[in-house]
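Going by the working numbering, 1615 is the number at position 221 of the sequence shown; the sequence numbering is gapless. Think of the CB as a built atom: it goes at the ideal place given N, C-alpha and C, for glycine as much as any other residue. What follows is a short report on a single structure.
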Amino acid sequence: MPKATELLYLLFRHPNELRALAQYWVWTDNRELSDPKELASTGWDRESMRTCWAYLDMTSRSFAVVIKNLQGDLARIICLFYLTLRALDTIEDDMTIPVEVKQPLLRDFYKRLDEEGWNFTGNGPEKDRDVCVHFDVVIQELARIPKSCFEVIRDITKKTGKGMADFCDRVSPGRSFYVETIEEYDLYCHCVAGLVGEGLSRLFAATGKEQEWIADQLELSNSCGLFLQKTNITRDYREDVDDGRFFWPREIWGKFGFADIKELKEREKEQQAVFALNGMVLDALRHSVDSLDYLTMLKNQSVFNFVAIPQVMAIATLALCYGNPEVLQRNVKIRRGQTVQLMQKATNPRDVAYVFRDFGRRIHAKSLPQDPNYLKISVACGKIEQWCEHHYPSFISLVSGSKDGSASISPTAPGGDPRALIYQRRVVREQEKQRRDLAIRVGLDPAKMNNNQEEQAPWWLLAAMMGTTVLLFAITAGIAFLVIWWFDLM
């Protein structure tokens, strides 16, 4: 529940967001895990699974909502997948664990998933250490999911742990550089997030919620994961630096005159630091179009919401971070009311695409010509605009109130979008083709058909209808006459 001061701020500065919050509290019907009808899929009747749901709420409020609303047992499976990777990530992020202990622990973590009673108590004061301390309950529940889903989780955990182990020495304190190039940055993000996207796609297919071929969309699944991970790394600069974790690649921030990544938080170098920040945003935007492509493939509504909501949060966060020097001083977040608005919009590919387009425009509007990233940012935002215009042309709108969702052409004034005229001519040609095909089927000569639709009316059909009507009327009148005549005789 937001604080009273936050509500007052929204009332005077962002009233639409306050209305969205009120609508969410009153009308949103989230899945009730304890519902007796849901127990078979949620596992709420087992103490171990209730503990897992509690840890999900504790570790991620935003992901918890979308995970719980997944259809059927997919919610429980994704919950366990998330907690498994959260435990792995907690070990990786813990700078108090010696590298010689951390590396084998990360590489062999997947072997512990079916080791009954295993847990890890060697974490420092990490916020999510309880997941590792009580990981035995996660193992207990993993044994209950379908074998195909367990193998997916085990395989992704193995690959992710290996990737984290390869990088854990590089991101440890005391090194002169940590991630050197964008290529290495992509590889790290693939290991910790891209593989997660791959695993989710495989779970969608394994549970039958999506088509089997969705599991083979490795590049698009990877891009969705990278888009989220790079957004988080960009936003969490100050928190990571203060904790001794360094993920920004030197190839981006080094070209602005910094010898060490810690220098970006110095106020006297703010302008160059913001340019480096914008370079990180630019790199994350590389994956935006792939994310939109992936969303168009999803057919299950709960799966779509699960994937789309974090994506729209990410593009909104990038727009907030772009050109914002406060990112270098503290952790910035989008407003809660804005979060709810985005959740309400993330229901179909078209609306999600428009969210991306709108925030892309905000990023472009904040761009400064003196920024070395200016042209590249313009191109990146233009690609989002181009994708939206290609898939959802602005001159075509859905008919208001249409039950079948059919599309109509927006009114085009002289000098308007010429594509509308092209589309109109295409529609006319298609209608003429359909009329010619109909004429051939009913035995008429298409060459003698007039372009005037009224003159092309099927007169034989109208005559048959009128003849049938007259015949029925005559039969009815005849029956009535016979009935009256019969009673007159009696």
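Within 10 angstroms of the Cβ of residue i, are there 16 or more other Cβ atoms? Answer buried if so, exposed if not.
{"i": "Thr1592", "result": "According to the sequence displayed, residue 1592 carries Glu and not Thr. Buried is the call here."}
{"i": "Phe1881", "result": "exposed"}
{"i": "Asp1423", "result": "exposed"}
{"i": "Leu1865", "result": "exposed"}
{"i": "Trp1642", "result": "buried"}
{"i": "Thr1862", "result": "exposed"}
{"i": "Pro1704", "result": "buried"}
{"i": "Trp1860", "result": "Just to set this straight, residue 1860 is Met in the shown sequence, not Trp. Classification for Met1860: exposed."}
{"i": "Trp1781", "result": "buried"}
{"i": "Lys1603", "result": "buried"}
{"i": "His1910", "result": "With the chain represented from 1395 up to 1884, any question about residue 1910 goes unanswered, as that position is not in the structure."}
{"i": "Ile1816", "result": "exposed"}
{"i": "Ser1428", "result": "exposed"}
{"i": "Asn1725", "result": "exposed"}
{"i": "Arg1629", "result": "buried"}
{"i": "Leu1676", "result": "buried"}
{"i": "Leu1402", "result": "exposed"}
{"i": "Leu1722", "result": "buried"}
{"i": "Pro1519", "result": "exposed"}
{"i": "Ala1653", "result": "exposed"}
{"i": "Leu1856", "result": "exposed"}
{"i": "Lys1693", "result": "exposed"}
Taking the alpha helix (DSSP H) that residue i belongs to, which residues open and close that run?
{"i": "Ile1757", "result": "Pro1743 to Lys1760"}
{"i": "Asp1831", "result": "Pro1812 to Val1836"}
{"i": "Trp1355", "result": "What is shown of the chain runs 1395 to 1884, which leaves residue 1355 out entirely."}
{"i": "Gly1619", "result": "Leu1612 to Arg1629"}
{"i": "His1784", "result": "Tyr1768 to His1785"}
{"i": "Ala1713", "result": "Gln1695 to Cys1715"}
{"i": "Cys1583", "result": "Ile1576 to Cys1583"}
{"i": "Pro1498", "result": "Val1493 to Arg1501"}
{"i": "Arg1548", "result": "Lys1541 to Cys1562"}
{"i": "Phe1598", "result": "Leu1589 to Ala1600"}
{"i": "Lys1739", "result": "Arg1730 to Lys1739"}
{"i": "Met1489", "result": "From DSSP, Met1489 is part of no alpha helix (DSSP H); its letter is neither H nor E."}
{"i": "Trp1647", "result": "Arg1644 to Trp1647"}
{"i": "Ala1667", "result": "Glu1664 to Leu1679"}
{"i": "Glu1426", "result": "Element bounds for Glu1426: n/a, residue is neither H nor E."}
CA-CA distance, residue i and residue j?
{"i": "Pro1787", "j": "Ile1471", "result": "38 Å"}
{"i": "Pro1409", "j": "Leu1686", "result": "29 Å"}
{"i": "Pro1812", "j": "Gln1818", "result": "10 Å"}
{"i": "His1528", "j": "Leu1464", "result": "25 Å"}
{"i": "Leu1714", "j": "Gln1534", "result": "41 Å"}
{"i": "Val1836", "j": "Ile1778", "result": "48 Å"}
{"i": "Glu1560", "j": "Gln1497", "result": "Per the sequence presented here, residue 1560 reads as Asp, with Glu not at that position. Near 8 Å, if we compare the C-alpha coordinates of Gln1497 and Asp1560."}
{"i": "Thr1436", "j": "Gln1735", "result": "28 Å"}
{"i": "Phe1875", "j": "Phe1867", "result": "12 Å"}
{"i": "Arg1756", "j": "Cys1585", "result": "31 Å"}
{"i": "Ile1878", "j": "Ala1871", "result": "11 Å"}
{"i": "Gly1651", "j": "Lys1659", "result": "13 Å"}
{"i": "Glu1505", "j": "Asp1451", "result": "According to the sequence as given, residue 1505 is Lys; it is not Glu. Taking the straight line joining both Cα atoms gives about 26 Å."}
{"i": "Asp1467", "j": "Leu1769", "result": "47 Å"}
{"i": "Asp1580", "j": "Leu1620", "result": "8 Å"}
{"i": "Arg1825", "j": "Leu1832", "result": "In the sequence as presented, Arg is not what sits at residue 1825; that position holds Gln. One C-alpha to the other measures close to 11 Å."}
{"i": "Ser1885", "j": "Arg1425", "result": "Lying before the first or after the last residue shown, residue 1885 is absent from the chain, which here runs from 1395 to 1884."}
{"i": "Lys1541", "j": "Glu1432", "result": "21 Å"}
{"i": "Thr1551", "j": "Ala1600", "result": "17 Å"}
{"i": "Arg1548", "j": "Arg1751", "result": "37 Å"}
{"i": "Glu1720", "j": "Met1737", "result": "25 Å"}
{"i": "Val1701", "j": "Leu1689", "result": "7 Å"}
{"i": "Ile1491", "j": "Leu1589", "result": "24 Å"}
{"i": "Trp1853", "j": "Thr1733", "result": "59 Å"}
{"i": "Tyr1748", "j": "Leu1679", "result": "15 Å"}
{"i": "Ile1485", "j": "Val1495", "result": "10 Å"}
{"i": "Val1493", "j": "Asp1524", "result": "21 Å"}
{"i": "Lys1656", "j": "Leu1712", "result": "21 Å"}
{"i": "Thr1888", "j": "Phe1789", "result": "The requested residue 1888 does not occur in the structure, where the chain is confined to residues 1395 to 1884."}
{"i": "Phe1926", "j": "Gln1605", "result": "Residue coverage of the chain in this structure runs from 1395 to 1884, which leaves residue 1926 outside it and unanswerable."}
{"i": "Ser1796", "j": "Lys1521", "result": "Any reading at Ser1796 needs caution, since the residue's pLDDT is 49, under 50, leaving its predicted position unreliable; the model's value is listed next. Rounded to the nearest angstrom, the two C-alpha atoms are 50 Å apart."}
{"i": "His1758", "j": "Gly1776", "result": "9 Å"}
{"i": "Lys1827", "j": "Ala1858", "result": "25 Å"}
{"i": "Ala1537", "j": "Arg1440", "result": "13 Å"}
Using a Cβ cut-off of 7 Å (strictly closer), state whether residue i contacts chain C.
{"i": "Tyr1716", "result": "Within the model displayed, chain C is absent; a lone protein chain is all it includes."}
To which residues does DSSP link residue i through a beta bridge?
{"i": "Ile1461", "result": "Note: Ile1461 sits in no beta bridge, so no partner."}
Taking contact to mean 3 or more Cβ pairs, one atom from each stretch, closer than 8 Å, check whether the region 1598 to 1614 and the region 1496 to 1508 are in contact.
Result no; under three Cβ-Cβ pairs closer than 8 Å.
Are three or more beta carbon pairs between the region 1759 to 1777 and the region 1663 to 1679 nearer than 8 Å?
Yes, the region 1759 to 1777 touches the region 1663 to 1679.
Could you tell me whether the region 1723 to 1734 touches the region 1642 to 1652, where touching means 3 or more Cβ pairs closer than 8 Å?
These segments do not touch.
Segment contact flag, the region 1479 to 1488 with the region 1516 to 1532, C-beta cutoff 8 Å, min 3 pairs
Note that the region 1479 to 1488 touches the region 1516 to 1532; at least 3 beta-carbon pairs, one per stretch, sit closer than 8 Å.
Three Cβ pairs or more, each shorter than 8 Å: is that satisfied between the region 1621 to 1631 and the region 1696 to 1710?
Here the region 1621 to 1631 lies against the region 1696 to 1710, with 3 or more beta-carbon pairs under 8 Å apart.
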